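Peer 1: Here's a structure for you.
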Amino acid sequence: MLHRELSAEEVEKVMELRTSWHIKGWQEGWQKGLQEGLQQGLQQGLEEGRREKAQDLVMRQLKKRLGFLSSEVEERIKSLSLKELDELAEKIFEVTSESDLRKFLGVEH
């Protein structure tokens, strides 16, 4: 195999190829990262929307059932996860007083 020096034109073409591969790789990585970030943001937004809707429904049902909720209980309900809100929604017919609700929520008097 013969070795020779590359001409300036050949060196420039190799550098152009290398640069284009680098740019293409960067663009593909950036696009993939952007898509994954958008997907994650969308999922988080949907999850938060479901949580807020469940929170609103549970709060309205409890106010209708009990007539009044203390600000402490309301704040505790606002801090519940979607799973905890679902559990509370299932127990709502067992709650007959704010005291029952406080026990379920683990809120001291």
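Quick note, the sequence shown lines up with residues 4 to 112 if you use our numbering.
Where a beta carbon is used, it is the ideal one built from N, C-alpha and C, also for glycine.
Since this is a predicted model, take the numbers as computed values, not measurements.
Starting from F107 and walking both ways along the alpha helix (DSSP H), at which residues does that stretch end?
Peer 2: That run of the alpha helix (DSSP H) goes 101-108.
Peer 1: Starting from the Cα of K56, find the closest Cα among L104, K86, K106 and give me that residue.
Peer 2: Nearest C-alpha to K56: K86.
Peer 1: Per DSSP, what kind of secondary structure is E111 in: helix, strand or coil?
Peer 2: If DSSP states are grouped into helix, strand and coil, E111 belongs with coil.
Peer 1: How many angstroms separate the CA atom of M62 from the CA atom of G48?
Peer 2: The straight-line gap from Cα to Cα measures roughly 21 Å.
Peer 1: In terms of residues, what are the limits of the alpha helix (DSSP H) holding R79?
Peer 2: Element bounds for R79: 74-81.
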